[in-house]
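Protein chains in written order, with our numbering: chain A, 1 to 77; chain B, 1001 to 1150. Notes follow once the structure below has been shown.
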């Protein structure tokens, strides 16, 4: 089964999505492609024992993006 | 126009729900991304969140409770709760921005005006030089030469 999700680059940091992919790599084959406005993520062979895998992954990517934005804001201040 | 008519014409939070998740648009000119981040952060432990840019200045927030499927009322309440958190975060962002310079000034002032003797080294040196005999708590040892005997 192939799962797909797109993240807006103005909301999600590419590095955050990549870090989330690294964290979830054992639960599927993740492919990331960063476009000018969108980060495309495709997951193949998702682990059947993890329901809502894409939702969990998206939460992790959002959490890391928030963390990165706050770190950047702190550094800029 | 009666009060009830006026209330009826007020725009409330417009949301879409499909029984499992609730979605609504957020105007970035009212709720900046920092505020959306702040509110989202508060909901990450109990909801799946997805934030998507619909167009310039408009974000779509989707919330899906992690717990068992919620009914329409629970989803509506969740959307309202998120909207309140969003507003709270907007105020926080605005206060942080408007008082940032003052906070920086006070911090700088506090550090710059601290006297040199406040450093730990200076305090230790001061203790070394202190006249121990003048210490009211010093226990007198009568058999020591030079010990106080009264």
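Heads up, the beta-carbon is just placed ideally off N, CA and C, and yes, glycines get one too.
Alpha carbon of residue 1107 of chain B to alpha carbon of residue 70 of chain A, nearest angstrom: 20 Å
Residue 1023 of chain B and residue 1089 of chain B closer than 7 Å at C-beta: No, these two residues do not count as a Cβ contact at 7 Å.
contact_flag[the region 7-22 of chain A, the region 54-74 of chain A] where n(CB pairs < 8 Å) is 3 or more: With the rule of 3 Cβ pairs closer than 8 Å, the region 7-22 of chain A counts as touching the region 54-74 of chain A.
Proximity of residue 1072 of chain B and residue 1028 of chain B at Cβ, strictly below 7 Å: Their beta carbons are not under 7 Å apart, which means residue 1072 of chain B does not touch residue 1028 of chain B by this criterion.
Sheet register partners of residue 8 of chain A (DSSP bridge): Residue pairing by DSSP places residue 8 of chain A opposite A:38 in a beta bridge.
Given 8 Å, three or more beta-carbon pairs between the region 1032-1051 of chain B and the region 1078-1089 of chain B: yes
Alpha-carbon to alpha-carbon, residue 1056 of chain B and residue 75 of chain A: 26 Å
When A:28, A:25, A:41 are compared against residue 7 of chain A, the one with the closest alpha-carbon: Checking every option, the nearest Cα to that of residue 7 of chain A belongs to A:41.
Cβ neighbour criterion (16 or more within 10 Å) applied to residue 1147 of chain B: The predicted position of residue 1147 of chain B is uncertain, since its pLDDT is 49 and thus under 50; no value can be drawn from it.
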